[in-house]
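Asker:
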Amino acid sequence: MSKAKKPTFKKLKIKKGDTVIVLSGRDKNKKGKVLEVFLDSSEVIVERVNIVKRHLRPTRSFQGGIIEKPLPVKISKLMLVCPRCNTPARVKRQINEDKLVRVCKRCNEIVDKVK
Ligand SMILES: [Zn+2]
2 MSKAKKPTFK KLKIKKGDTV IVLSGRDKNK KGKVLEVFLD SSEVIVERVN IVKRHLRPTR
62 SFQGGIIEKP LPVKISKLML VCPRCNTPAR VKRQINEDKL VRVCKRCNEI VDKVK
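Residue numbers (my numbering): 2 to 116.
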C-alpha cells in the first residue's frame, strides 16, 4: 500500500466577504467583515479586529506616525453572522441546484449569495 498524501481540501465555514463576530479574546463581540482568508492556517483577516499599532519613524518618503494593521484571527475564535436573520449562527451544508451552499441553522435560509 502506498502512502499517498491525501489532498487536503479544506472547506472553511467562513469565506471572504462574510460578516463574523469574535467569540473570545481582546476583541470579543466585535463584528467585522472578512477581508482575507488563509486556508493553510485556518485564519482570516477581519476588518477592525485584532489591530496592531506600529509606530513608524519618519523617512524621506513617509512622514512617520502610527500605522494600524490587522493580524489574522483563528477561525475557531469566530462565528458567522447570518446575513438573513442577523444573528451569530452555525451553518450546515446543503446541495441546492447542484451547488454546495451554506445554510443558517437558525433561520434555515441560504447564507451564500445565490446568483
Ligand atoms: Zn439566519
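Even glycine gets a Cβ: it sits at the ideal position worked out from N, Cα and C. Since we're looking at a predicted model, the values are computed, not measured.
Is the beta carbon of residue 98 within less than 7 Å of some heavy atom of ligand 1?
Answerer: If you number the sequence shown from 1, residue 98 lands on position 97. No; taking the cut-off as 7 Å, the Cβ of residue 98 has no heavy atom of ligand 1 nearer than that.
Asker: Is residue 94 close to ligand 1? I mean its beta-carbon at under 7 Å from any heavy atom of the ligand.
Answerer: For the purposes of this step, residue 94 is taken as residue 93 along the sequence shown, with counting starting at 1. Flag unset: Cβ of residue 94 not near ligand 1.
Asker: Leaving aside the five residues before and after residue 56 along the sequence, list all residues of the same chain whose C-beta is less than 7 Å from its C-beta, in chain order.
Answerer: In the sequence shown, the residue the question calls residue 56 occupies position 55. So the list reads 67, once near-sequence residues are dropped.
Asker: For residue 72, does the count of other Cβ atoms within 10 angstroms reach 16, so buried, or fall short, so exposed?
Answerer: Taking the sequence shown and counting its residues from 1, the one referred to as residue 72 is at position 71. The residue is exposed, with fewer than 16 neighbouring Cβ atoms inside 10 Å.
Asker: In whole angstroms, what is the alpha-carbon distance linking residue 112 and residue 82?
Answerer: The residue given as residue 112 occupies position 111 in the sequence shown. The residue given as residue 82 occupies position 81 in the sequence shown. So the two alpha carbons sit approximately 9 Å from each other.
Asker: What runs of the beta strand (DSSP E), each 3 residues or longer, lie entirely inside the segment 24 to 100?
Answerer: Here the runs fully enclosed are 32 to 39, 44 to 47, 52 to 57, 66 to 71, 79 to 81 and 92 to 97.
Asker: Among 79, 95, 40 and 12, which residue has its Cα nearest to the Cα of residue 88?
Answerer: As a position in the sequence shown, residue 88 is number 87, starting the count at 1. Checked all of 79, 95, 40 and 12; the closest Cα to residue 88 is 79.
Asker: Let me know if residue 30 comes out buried or exposed under the rule of 16 or more other beta-carbons within 10 Å of its beta-carbon.
Answerer: For the purposes of this step, residue 30 is taken as the residue at position 29 of the sequence shown. It counts as exposed.
Asker: With distances taken from each beta carbon to the nearest heavy atom of ligand 1, which residues come in below 6 Å, in chain order?
Answerer: Listed by chain position, these are 83, 85, 86, 90, 105, 107, 108 and 110.
Asker: Does the distance from the C-beta atom of residue 18 to that of residue 34 stay below 8 Å?
Answerer: Looking up residue 18 in the sequence shown gives position 17. Looking up residue 34 in the sequence shown gives position 33. Their beta carbons are under 8 Å apart, which means residue 18 touches residue 34 by this criterion.
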